[in-house]
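> Protein chains in written order, with the numbering used here: chain A, 1 to 432; chain B, 1001 to 1231; chain C, 2001 to 2316; chain D, 3001 to 3250; chain E, 4001 to 4391.
Think of the CB as a built atom: it goes at the ideal place given N, C-alpha and C, for glycine as much as any other residue.
In this text the structure is predicted, and so the values were computed from the model without any measurement.
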Amino acid sequence: MSEIAKTATAENSVPFVKRYGVWIGFFIMLMVMPYIFSSNVGLYTMNLMGIFIIFALSYNMLLGQGGMLSFGHAVYFGLGGFMSVHFMNYIEDGSFIFPMWLLPIFGGLIGLVFAIIIGSFSTRKAGTVFAMISLGVGELMAASSLIFVAFFGGEEGVSGDRTMGPPLFGFDFAQDVQVYYLIAAWVFVTVGLMYLFSRTPAGRMANAVRDNAERAEFVGYSQRKVRFVSFCVSGFFAGIAGGLFAINFEIVTEENLNALTSGVVLLMAFIGGVGFFVGPIIGAVVFTLLQSILSNYTDIWQLYVGVLFVLTVMYAPHGLTGIMMMHTPAYRMKRMGSLLVPYLRIGIPTISFLAGVAGFLEMIHHVRSAPVDETLMSLVGIEFDTHSVMPWVVIAILAVVGGYLAKTQVGQFREAWETANNPDAKSEGASS
Amino acid sequence: MLEVLDLHAFYGKSHILQGVNFTVGEGEIVSLLGRNGVGRSTTIKSIMGEVPPHGSIKYKGEEIAGLKEHEIAHRGLGYVPENRDVFPGMTVRQNLLMGVKDMKKQGRWAMEDMFKMFPNLRERADVDAGVLSGGEQQMLTMCRTLMGDPDLVMIDEPTEGLAPKIVAQVGDLLAEIANRGVSILLVEQKLAIAMRISHRLYVMGHGHMVYEGTPDELKANDQVRKEWLEV
Amino acid sequence: MFELIFFSLLNGIVTGLLLFMLASGLTLIFSMMGVLNFAHASFYMLGAYLAYTISIYMGFWVGLIVAPILVGLIGAVVERYGLRYVHRWGHVAELIFTFGLAFLIEEVVQFIWGKDTKAYLEPEVLQFPLFTFFGQNFPAYKAFMLLISIAIFVMLLLILTKSRVGLIIQAAIHKPNMTAMLGHNVPLVFMGVFGVGCALAGVAGVIAGPALGTFPGMAVVLGSIVFVIVVIGGLGSLTGAFVASLIIGLLQTFAIALDYSVNDLLTALNISFDADSALRDLWSLSLPQVAPILPYLLLVLVLIFRPTGLFGNRET
Amino acid sequence: MSAAIELRDLRKSFGPTEIIRGVDLQIEKGERHAIIGPNGAGKSTLFHLISGRYNLSGGAVHLHGEDISNLPPYEIYRKGLSRSFQVTNIFPNMSVFENVRCGLMWAKDYKYSFWHLVDREHDLNRKTAQVIEEIGLTSRQHIPAGVLTYAEQRALEIGISAAGGADVIMLDEPTAGMSHSETDQAIELIRKITDGKTLVMVEHDMGVVFDVADRISVLVYGEIIACDTPENIRNSKAVQEAYLGAEAED
Amino acid sequence: ADTIKIAFIDPLSGPFAATGTNGLREFEFAADTLVNAKGGVLGGQQFVIVPFDNKISPKESLVQLKRAIGEGIQYIAQGNSSGVANALTDAIKKHNKRNPDKPVLFLNYSAVDPALTNAKCNFWHFRFDANADIKMNALTDVIAQEDGIKKIYLIGQDYSFGKAVAAAAVKFLGEKRPDIEIVGNELHPIGKVKDFTPYATKIRASGADAVITGNWGADMVGLGKAIGDTGLDVPIYTYYAAKNGITKTIGASGKNKIRLVHEGNDNPPLNEEITAYYTGFKAKYPDMDITQYRIANTVGMLADAMEKAGSSDPVAVAKALEGMEFKTLNGDILTMRAEDHQAIQPIRISVHTDENVTFDADNSGFGLVTESTVTAADSALPSTCKMDRPS
Ligand SMILES: Nc1ncnc2c1ncn2[C@@H]1O[C@H](COP(=O)(O)OP(=O)(O)OP(=O)(O)O)[C@@H](O)[C@H]1O
Ligand SMILES: Nc1ncnc2c1ncn2[C@@H]1O[C@H](COP(=O)(O)OP(=O)(O)OP(=O)(O)O)[C@@H](O)[C@H]1O
Ligand SMILES: CC(C)C[C@H](N)C(=O)O
Ligand SMILES: [Mg+2]
Ligand SMILES: [Mg+2]
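(1) Count the other CB atoms within 10 Å of the CB of GLU255(A); is the residue buried (16 or more) or exposed (fewer)?
(2) From the beta carbon of ALA259(A), is the nearest beta carbon of chain C less than 8 Å away?
(3) With DSSP as the reference, identify every bridge partner of LEU1077(B), one or two as the case may be.
(4) Can you find a C-beta in chain B that's less than 8 Å from the C-beta of ARG2306(C)?
(5) Using a threshold of 7 Å, is the CB atom of ASN1036(B) nearer than that to any non-hydrogen atom of ligand 1?
(6) Our contact map puts LYS3999(E) next to GLY2213(C) with C-beta atoms below 8 Å; I'd like the distance itself, whole angstroms only.
(7) Rounded to whole angstroms, what is the Cα-Cα separation between GLY119(A) and ALA1178(B)?
(8) Got a sec: is the Cβ-Cβ distance from PHE4196(E) to anything in chain A below 8 Å?
(9) Would you mind listing the beta strand (DSSP E) stretches within the segment 2258-2312 of chain C that are 3+ residues and don't spill past its ends, in chain order?
(10) Considering only the alpha carbon of each residue, which of LEU4116(E), ASN4054(E), GLU4181(E) lies closest to ALA4068(E)?
(11) DSSP three-state label for ALA5(A), please.
(12) In angstroms, rounded to a whole number, what distance separates the CA positions of GLU4339(E) and ASN2270(C)?
(13) Quick one: what's GLN1138(B) bridged to in DSSP?
(14) Bridge partners for THR2015(C) per DSSP, in chain order?
(15) Taking the alpha-carbon positions, what's the GLU3203(D) to THR2161(C) distance?
(16) So that I know if they touch, is there some Cβ in chain H lying closer than 8 Å to that of ILE1155(B)?
(17) Express the C-alpha separation of THR2239(C) and GLY242(A) in angstroms, rounding to a whole number.
(18) With DSSP collapsed to three states, give me the class of MET232(A).
(19) Using the Cα positions of ASP3195(D) and HIS3064(D), report the straight-line distance between them to the nearest angstrom.
(20) Along chain E, which residues have their Cβ under 7 Å away from the Cβ of ILE251(A)?
(21) Does the distance between the C-beta of THR1042(B) and the nearest non-hydrogen atom of ligand 1 fall short of 7 Å?
(22) GLY78(A): buried (16+ other C-beta within 10 angstroms of its C-beta) or exposed?
(23) Could you list which residues in chain A have their beta carbon closer than 8 Å to that of SER4312(E), in chain order?
(24) List the whole-angstrom C-beta distance separating PRO3174(D) from SER3095(D), where the pair is believed to meet the contact cut-off of C-beta under 8 Å.
(25) Does VAL4221(E) have its Cβ less than 8 Å from a Cβ in chain C?
(26) Residues in its own chain within less than 6 Å of VAL4050(E) by CB, not counting five upstream and five downstream?
(27) Got a sec, what are the start and stop residues for the alpha helix (DSSP H) ARG3101(D) sits in?
(28) If you draw a straight line from the alpha carbon of ALA4089(E) to that of ALA4144(E), how long is it in whole angstroms?
(29) Does the segment 1082-1092 of chain B come close enough to the segment 2165-2177 of chain C to have 3 or more Cβ pairs within less than 8 Å?
(30) From the DSSP output, in three-state form, read off PHE245(A) for me.
(31) Secondary structure at GLU428(A), three-state DSSP: helix, strand or coil?
(32) Using a threshold of 7 Å, is the CB atom of SER1014(B) nearer than that to any non-hydrogen atom of ligand 1?
(33) Quick one: give me the first and last residue of the beta strand (DSSP E) that ILE105(A) is part of.
(34) Beta-carbon within less than 7 Å of ALA416(A)'s beta-carbon, same chain only, minus the 5 sequence neighbours each way: which residues are those?
(35) What does PRO2139(C) touch in chain E if you count any residue whose Cβ is under 9 Å from its own?
(36) Could you check where the alpha helix (DSSP H) with CYS2198(C) kicks off and where it finishes?
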């Protein structure tokens, strides 16, 4: 959904399916997911993904679309959560009658209110000043949340019970599947709205101000106002995400608005690719998967996550979406096939190399942290003795040979890549 | 002094320089003429190493193709870019200081020389270079390179955007530079200046030289001027 | 009371100067290279851990010298093989890189040294109270910390004002090509600055390790406070960083030391309030409680009213 | 009827140095006015003062009789004054189409709307396409502006400035760095796009100036030393001395 | 045969990782030596401890709880931080209400906020440690006998447990020694203080002649060190000032000054059995110590309860646990009080010293030597719990 491709479809002669196909597909996917991943863990992961998708997209309104680097976006997310959980408790008390599924609205509204207050001074400048104000405000809020126990519940946060509202079509939200559909509905609506926002004059000018704030002033727009509008809208959606978080977990704590959460959303958006509308969605999905699945398999998963981040930033500056988009020229020219073999030739040794390194780390970790007399460990189902030489040799061979072979393949891969993407190259590129 | 042999350069896949050959002698002023986009700036950039050169570039008898930019600069090659690349956040004086490579060595040029030549600069010495007028920035860029005491300067369109009167001044400066024994490789649009001060001229076509001669010879050669230069 | 004020003043200065040691490296990197180095505190942690290991075998003093050098080298390597590569993707990418790096370093440290607190101790020679006042000790080690920080401040100030390095880097941030073509070895300078910045963080770590504890969370605990200092002081201003460090150090110590609360104020003004109201937390707010937020409050206020920071003269 | 632009004793200092030293100037509606002067005379500064980029140190600027001194740039734009920049100033990561559309949006009254979808606003898009056609970039409209060639960027710069249909258009060295043929095209474009409007431009290319301008002001050291028809300026001794110098005959 | 999985939800990363990791090892060791090595329960089923990292955050704990439940685990063990326990007990109660067919049981081995067995008590929660009130009661008994103490400073972490300690101290001191002045009652953020010197200065300046703190983990290391540095030479009464690097850090400066209240007993060892247990653990994990003796009780008692119930169904096991008596490795008798699910057991006060130490901590030569013991009966305090039981 890159910008340029979009302007091309400005004409309205495009057939219905082509025009809304993506959205219909998205809708169907949301509907059937729980049938495919029906386990508890699956539902849990998808719910979290949905929440993060909204949150990351709202963040990208600032960073990707408006050029505002925020270190405090969790403030709106967290406040949205707290507000919603309080309302949840009012509903439980019976002091307030309201359908549970609309609760995120309150989250959105408080996000909006705070965005208006904070945005009124922070959007005056972009760049470092904005970034640092957001950092300051973020830390301020996080620290305050531990002090103002009445509203934030201190270290323990505030919890609620989502099943106490009037049921909707027989949904009382006791089960995670029901919450899934609630979240999915919100995801569908908010993703749509956020996409549309990027296509409005305010959204377009946000891009313009990001690109060249001064010039925007000379075509009639106050850069501050343009940023302010984006900021408020972004705060609103972050608040909604917070509300959904409250419903899903039934607890909101200081962590929801602290710097770590702000950092996570930044990472998600960036890893996914801030230059693309779908970037943050992909980022949120991948991040959640890593977080909830990798940790099932290894103790040192955070080490891998760290390595992964660093590598992504180094080699995929436009995020995962950027990597995918790099393939569009080849795809358009129907040359994807010619890349398959080169990918395999470089991929297999690389995987062997990575497996070797990961195995090495796992073994070291095992030797260091396992009880003294426990020398047996198992990796991918294979059991072996870490105090014998063999496993180490195997691992070393995997890493060294894989690494070496991968290195020798770089040249051929690069060449294949060039030919596949070079419009002038005749079809001989395809056959090689 | 500078000897370029079969130089090729690329931007991505487009082959911009397709075998450029020319020389600049000791103390010589050589101009590189040609239409927009034929690759004159690219020639200079690839000599400086900013655009990766393919081919041979000998400076003072030594091969410099493939060296890093700063190594090339240290061998005595100076470069004045066409786009007024001043350091905007730094004052005029600091900009000039940036040109100096070795603080301990006294070269041909002192800051005072620069100020004498362009009193404008003296007046604005402690102002951020970014706010200078376009013309002043152009002067600053040139002076900054001279501060590094090069033996050969390559100057890309020094008179662009300058008022006619200043253009004349620049002409004088070029003459002064040559006077102090520095060779010049000049890229110019304004034929008049190039004709007046150059010892030799090259005319560049698409990616390679199409003509070489003295100013007088070029004046006489209507055909080249018609075909390769705009009159 | 006087005892409290006297020692709080001393503690504030010690804390402030320790923060300055960290901030100085960050200012160097942040203001010169424009890199918001989120991993700065992680290099500090590395310094402490490396020094701990070295001190086991060769004693504290060797660690004091060698560990920062090692950290500096690690920093240089990070610049050379990571940051330099990322640089071309812009500042946000650099920032995310350091973000990831911070994460990575913490994990690596835990991987190598484990999760428990290390018994990294002050050197024997400095394990005595320098003086005792009102029966309270002032450890000699703290005085030592004080001296080192001041020495670093003076040294850096000299280097920055007396050499052209600062200028070259500033030029190279925006126009690396142009700077190189004027004959400056830009990559080397960048690597050097980053290395030195990290080494400074390393020194801080070596020195703070014994005083504040050497544990995997030691970087996180410092958190963003160092950024706050650099920004409050003004980007690019070493003096600013120095002053801001002291302000923050004193602010935090005194806020903890002085037990005043809104309640006291209200009582003094003879106002009473409802103990059950939703705002009760506000009324009972006390200085030690708000101590952690004061630096951030200061940051926001400074940025609103003086976006260049106290001593800075540029915004970006 | 009041003048399109009227400057009254306009002054600007940076620190101790006064760059603009009391400029009085009237530019009539529909006039094509050129400002020339040596480098550093303050021409661009004058533009910045009029268009709101800098605050005034003294004096006043009137646009169609209304005082616009010290208004922010966007307010001035909204009152009908648009300008281009000496150093190309476009939205580099957006497509050419989007660049021009941004130049149109306020003029078409969309403001900060978040309830219109730009792709659905056919009138807006049609007008954008038309402007792009005029600046000759139709074949390049989906390319990010940052990768255009220099001359194309200059054309885009003019396009963005003129798109909104402001009555007063100010161009700062529109042809700088262009070749002869490109310059000719640029002049053509300027003519077309400013038809029936007031044009103020700064130029060093005397050919362009004498070709386009109805009247010329000569700014030297922050003061206007002459303001007259091209004929008279060309023959003025003072101007020759201060600006054209020895190469005047060229 | 089958296995019985027990989810261990505690911090395995972050500032309190050391505490959590140690607990995990102790759980594994207890399960292996006390249950699995003896042939398991219910005819050979083995205990498997499945670790979940909650980074000591209540929110993250619920996330992990969901995952654990998703994996079909029905026993949840947790202890580090009462904040987490409060969130967990709520969530588990809710879960069991919504999923009566698959209930889970909460084995709280260390979170000692009294509320958990009072106002917030529920059928699914069992606490194997003595709560903060019980411990403070024992601690203040000792303090009450120190006539030299006139001024006391209270400092703790700002969360439910810290607050509970402070409240209990104020209450019991007020009852037992109304003449003691409380010169400071301070809470600091948990896990966030980088330098405790300002606090130590304040304590010193207050003229206190004793300090009470519930601090643990990194917060205890920092506090202990800062107090040592100021040269403050007064007794410090603590809950958790030992092991996990704390003993090593405090070292000689705390000798005979630090007293600690706990349910366990390190020195002198009371019998062969416990000695073997300690030695076995030390052999397996030379860098660690038995930090939480109650873990052995938790595992042992769970196994007994399963045998007694004849099933591993949480409801049956919970019913079996209610009122159950258990003989610990130390030879103590522990009773799981049915009315509030609070374990009632002897409480000991130990001193930090390097004399007569058989089992030291952190391999530092220093360790805890028991000075006095309060019997189970004496330690019990009444509860306000009103519990709903499934029929
Ligand atoms: N960074 C670049 N990427 C791609 N193409 C480029 C780049 N820079 C220049 N070119 C192309 O290379 C060709 C030669 O450019 P060059 O700047 O050397 O021309 P020139 O002769 O100096 O012309 P000018 O009068 O415009 O300065 C042009 O066609 C230009 O479009
Ligand atoms: N912000 C500023 N601070 C200080 N001096 C400034 C500032 N802006 C401009 N100047 C100075 O004002 C003078 C006039 O600059 P201006 O850019 O207006 O010149 P100009 O007439 O447009 O010249 P050119 O034709 O070379 O573009 C210059 O000497 C410049 O250095
Ligand atoms: C592990 C323990 C130190 C936890 C503490 N007792 C609490 O209740 O929070
Ligand atoms: Mg050129
Ligand atoms: Mg100008």
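From the atom records:
(1) In the first sequence, residue 255(A) corresponds to position 255, counting from 1. By the 10 Å Cβ count, GLU255(A) comes out buried.
(2) Numbered from its first residue, the first sequence carries residue 259(A) at position 259. Yes, because at least one Cβ of chain C sits closer than 8 Å to the Cβ of ALA259(A).
(3) Position 77 of the second sequence, counting from 1, holds the residue named residue 1077(B). Partner(s): LEU1152(B).
(4) Residue mapping note: residue 2306(C) aligns to position 306 of the third sequence, counting from 1. No Cβ of chain B is located within less than 8 Å of the beta carbon of ARG2306(C).
(5) Here the question's residue 1036(B) lines up with position 36 in the second sequence. Within the cutoff, so yes.
(6) This structure leaves residue 3999(E) out entirely; chain E is present only between 4001 and 4391.
(7) Along the first sequence, read from residue 1 onward, the residue named residue 119(A) stands at position 119. Along the second sequence, read from residue 1 onward, the residue named residue 1178(B) stands at position 178. Each residue's Cα considered, the two are about 59 Å apart.
(8) Along the fifth sequence, one-based indexing puts residue 4196(E) at 196. For PHE4196(E), the answer is no, since every Cβ of chain A falls outside 8 Å of its Cβ.
(9) Complete beta strand (DSSP E) runs here, min 3: none at all.
(10) Here residue 4068(E) corresponds to residue number 68 of the fifth sequence, with the count starting at 1. Among LEU4116(E), ASN4054(E), GLU4181(E), the Cα nearest to that of ALA4068(E) is on ASN4054(E).
(11) Here residue 5(A) refers to the residue found at position 5 when the first sequence is read from its first residue. At ALA5(A), the pLDDT of 40 sits below 50, so the modelled position is not reliable; the number obtained from the coordinates is stated separately. ALA5(A) falls in the helix class under three-state DSSP.
(12) Position 339 of the fifth sequence, counted from the first residue, corresponds to residue 4339(E). Position 270 of the third sequence, counted from the first residue, corresponds to residue 2270(C). Roughly 47 Å between the two C-alpha positions.
(13) Here the question's residue 1138(B) lines up with position 138 in the second sequence. BP columns for GLN1138(B) are empty, so no partner.
(14) Here residue 2015(C) is taken as the residue at index 15 of the third sequence, counted from 1. THR2015(C) is not bridged to any residue.
(15) Counted from its first residue, the fourth sequence places residue 3203(D) at position 203. Counted from its first residue, the third sequence places residue 2161(C) at position 161. Cα to Cα, the separation comes out at about 42 Å.
(16) Of the chains in the structure shown, none is chain H; the protein chains are A, B, C, D and E.
(17) Mapped onto the first sequence, residue 242(A) falls at position 242. Mapped onto the third sequence, residue 2239(C) falls at position 239. When only Cα atoms are considered, GLY242(A) and THR2239(C) end up about 42 Å apart.
(18) The residue you call residue 232(A) lines up with position 232 of the first sequence. Looking at the sequence provided, one finds Cys at residue 232(A) rather than Met. Helix.
(19) Along the fourth sequence, one-based indexing puts residue 3195(D) at 195. Along the fourth sequence, one-based indexing puts residue 3064(D) at 64. Going from the Cα of ASP3195(D) to the Cα of HIS3064(D) covers about 18 Å.
(20) By 1-based counting over the first sequence, the position of residue 251(A) is 251. Residues of chain E passing the Cβ test: PRO4058, LYS4059, LEU4062, ALA4087.
(21) Reading the second sequence from its first residue, position 42 is the one you call residue 1042(B). The answer is yes for THR1042(B).
(22) Start at 1 with the first residue of the first sequence, and residue 78(A) comes out as number 78. The residue in question, GLY78(A), is buried, as its Cβ has 16 or more Cβ neighbours within 10 Å.
(23) The residue you call residue 4312(E) lines up with position 312 of the fifth sequence. Within chain A, no residue comes near SER4312(E); the closest Cβ sits about 20 Å away, beyond 8 Å.
(24) As a working note, residue 3174(D) is residue 174 in the fourth sequence. As a working note, residue 3095(D) is residue 95 in the fourth sequence. Wrong, their Cβ atoms sit about 22 Å apart, outside the cutoff.
(25) The count along the fifth sequence starts at 1 and reaches residue 4221(E) at position 221. So yes, VAL4221(E) belongs to the interface.
(26) Indexing the fifth sequence from 1 puts residue 4050(E) at position 50. Excluding positions up to five away in sequence, the list reads LYS4005, ALA4007.
(27) Position 101 of the fourth sequence, counted from the first residue, corresponds to residue 3101(D). 3096-3105 is the extent of the alpha helix (DSSP H) around ARG3101(D).
(28) The residue you call residue 4089(E) lines up with position 89 of the fifth sequence. The residue you call residue 4144(E) lines up with position 144 of the fifth sequence. Checking the sequence shown, residue 4089(E) turns out to be Thr, not Ala. Between THR4089(E) and ALA4144(E), the C-alpha separation is close to 35 Å.
(29) Note that the segment 1082-1092 of chain B touches the segment 2165-2177 of chain C; at least 3 beta-carbon pairs, one per stretch, sit closer than 8 Å.
(30) In the first sequence, residue 245(A) corresponds to position 245, counting from 1. Of the three classes helix, strand and coil, the one that applies to PHE245(A) here is helix, per DSSP.
(31) Taking the first residue of the first sequence as 1, we reach residue 428(A) at position 428. The pLDDT assigned to GLU428(A) is 42, lower than 50, so where the model puts this residue is not dependable; a value taken from the coordinates is nonetheless given after this. In the structure shown, GLU428(A) sits in a helix (DSSP, three-state: H, G or I).
(32) Within the second sequence, the letter at position 14 stands for residue 1014(B). The answer is yes for SER1014(B).
(33) Counting from one through the first sequence, the residue named residue 105(A) turns up at place 105. Taken as a continuous stretch (DSSP letters only), ILE105(A) belongs to no beta strand (DSSP E), being part of the alpha helix (DSSP H) at 104-122.
(34) Counting from one through the first sequence, the residue named residue 416(A) turns up at place 416. Closer than 7 Å at Cβ, skipping near neighbours: SER338, LEU339, PRO342.
(35) As a first step, residue 2139(C) must be located in the third sequence, where it is residue number 139. Residues of chain E passing the Cβ test: ASP4229, THR4230, GLY4231.
(36) The residue labelled residue 2198(C) in the question sits at position 198 within the third sequence. Per DSSP, CYS2198(C) belongs to the alpha helix (DSSP H) from 2186-2212.
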